[in-house]
Amino acid sequence: MNAYWIREINVSYARKLKLKSNNSFDYISFGVSVKPQFGLYYLNTQQNDLTISTNDTNAVQSSGRVEFLYSGLTDNNDFKYSLGNAGFGFGFDIGVNARLKNVSKSGYVNIGLSVTDLGYIRWNKNTNSYYNDGSFIITDITQQSQIDSLKDIIKGTKTPVPAFTSSLSPTLRLGISYKIIDRLKNDSLNNERATIAVDYVQGLNDDVGGTTKPIIGIGGEYNFSKVLSPRLGFAFGGLQSFAMSIGLGINAGPVIIDIGTYNIASIFEPNGTTKLSMGMGIKFKVN
Numbered sequence: 000m001n002a003y004w005i006r007e008i009n010v011s012y013a014r015k016l017k018l019k020s021n022n023s024f025d026y027i028s029f030g031v032s033v034k035p036q037f038g039l040y041y042l043n044t045q046q047n048d049l050t051i052s053t054n055d056t057n058a059v060q061s062s063g064r065v066e067f068l069y070s071g072l073t074d075n076n077d078f079k080y081s082l083g084n085a086g087f088g089f090g091f092d093i094g095v096n097a098r099l100k101n102v103s104k105s106g107y108v109n110i111g112l113s114v115t116d117l118g119y120i121r122w123n124k125n126t127n128s129y130y131n132d133g134s135f136i137i138t139d140i141t142q143q144s145q146i147d148s149l150k151d152i153i154k155g156t157k158t159p160v161p162a163f164t165s166s167l168s169p170t171l172r173l174g175i176s177y178k179i180i181d182r183l184k185n186d187s188l189n190n191e192r193a194t195i196a197v198d199y200v201q202g203l204n205d206d207v208g209g210t211t212k213p214i215i216g217i218g219g220e221y222n223f224s225k226v227l228s229p230r231l232g233f234a235f236g237g238l239q240s241f242a243m244s245i246g247l248g249i250n251a252g253p254v255i256i257d258i259g260t261y262n263i264a265s266i267f268e269p270n271g272t273t274k275l276s277m278g279m280g281i282k283f284k285v286n
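Using numbering that gives the first Met the number 0, the final residue of the sequence shown is 286, and nothing's skipped along the way.
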């Protein structure tokens, strides 16, 4: 088991560069983010070769051991929310996007590349190692003395350790999108009618919730009007072999609202779902 609880603040800067004399690209955009990381809890399995078995007489036998590395706001493994921190670090994102020239008369093709979550967190509060010796035999689960001895084994041995550093989970993303446009009578004006996108996502390590299993994503957006834009997407690979997401974009002038789910399939298969989430983002345009 690996678990973490982190807050972050994201400060971003982006700029669009028009390329008048370039034969390949209409423009190139780039962006960078600096993200202070505020760690609340961290739990990582350092070693686990524990084996537990039962026999036909209901005896329980175990062998092996488990070792965890922990840091958190509390010293007794009780989780609570607080404005305090058990660790602090920084994360960084960087990305570039380019629009290709003369690919299609009915739309635009964009290519994007980014690396996100480059960084670290240094944990320095209640840093402990927990060691559990799993070698025990319970011959009669009704005997209180054996149950009490088992409780002591499960609690394990806590040993304070120096402050340690954990890496964030950097991710490489490569994507291509095709924006379908409606050209108005004035050919210099156009309206985005729909967008189709394909992404390749590759995690670079398994730390803090990451995975090195690649993900292929396919998604689309259709603009019913200048205000409402429903979205649908599919993901293959990663921690889940398949996920289907839906979302809605609302463009209310100076305010843009985005609503989406991670995996709508979880509603139809709750017993086989490992992740269920819903998110909302609000952007404010400043001229």
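The C-beta atom is built at its ideal place from N, Cα and C for all residues, glycine as well. Quantities reported herein were computed from a predicted structural model and do not represent experimental measurements.
Next on the checklist: In chain order, what are the residue ranges of uninterrupted alpha helix (DSSP H) at least 4 long that sit wholly in the region 61-101?
Outcome noted: Listed in chain order, nothing qualifies, since the region 61-101 has no complete alpha helix (DSSP H) run of 4 or more residues.
Item to check | Short Cβ contact (7 Å threshold) for Asp198 with Leu167 | outcome: no
Checklist entry - Given that a residue counts as buried once 16 or more other Cβ atoms are within 10 Å of its Cβ, and exposed if not, what is Gly278? => result exposed
Item to check | Cβ contact (3+ pairs, closer than 8 Å) linking the region 133-148 and the region 50-63 | outcome: yes
Checklist entry - Tell me which same chain residues have a C-beta within less than 6 Å of the C-beta of Ile214, skipping the five on either side of it? => result Val200, Ala234, Gly236 and Gly237
Checklist entry - Just how far apart, CA to CA, sit Asn125 and Asn9? => result So the two alpha carbons sit approximately 27 Å from each other.
Item to check | Enclosing beta strand (DSSP E) for Lys157 [first to last residue] | outcome: Thr156 to Pro159
Checklist entry - Under the rule that 16 or more other beta-carbon atoms within 10 Å means buried, what is Phe288, buried or exposed? => result Only positions 0 to 286 of the chain appear in the structure, and residue 288 is not among them; the question remains open.
Item to check | the region 89-100 contacting the region 45-57, beta-carbon criterion three pairs below 8 Å | outcome: no
Checklist entry - Expressed to the nearest angstrom, what Euclidean distance is found between the alpha-carbon atoms of Asp181 and Lys284? => result 24 Å
Checklist entry - Which value, in whole angstroms, describes the spacing of the CA atoms of Asp25 and Val108? => result Each residue's CA atom was taken as its position, placing Asp25 and Val108 some 10 Å apart.
Checklist entry - Would you report the Cα separation of Ile249 and Ile263, rounded to the nearest angstrom? => result 20 Å
Item to check | Beta-carbon proximity check, Ile256 vs Gly246, cutoff 7 Å | outcome: Cβ distance not < 7 Å, so Ile256 and Gly246 don't count as in contact.
Item to check | Continuous beta strand (DSSP E) stretch holding Val285: start and end | outcome: Run containing Val285: none; DSSP gives neither H nor E here.
Checklist entry - Which residues in the same chain as Asn286 place their Cβ atom closer than 8 Å to its Cβ, once the five residues preceding and following it in sequence are excluded? => result Within the same chain, Asn286 has no close Cβ partners at all.
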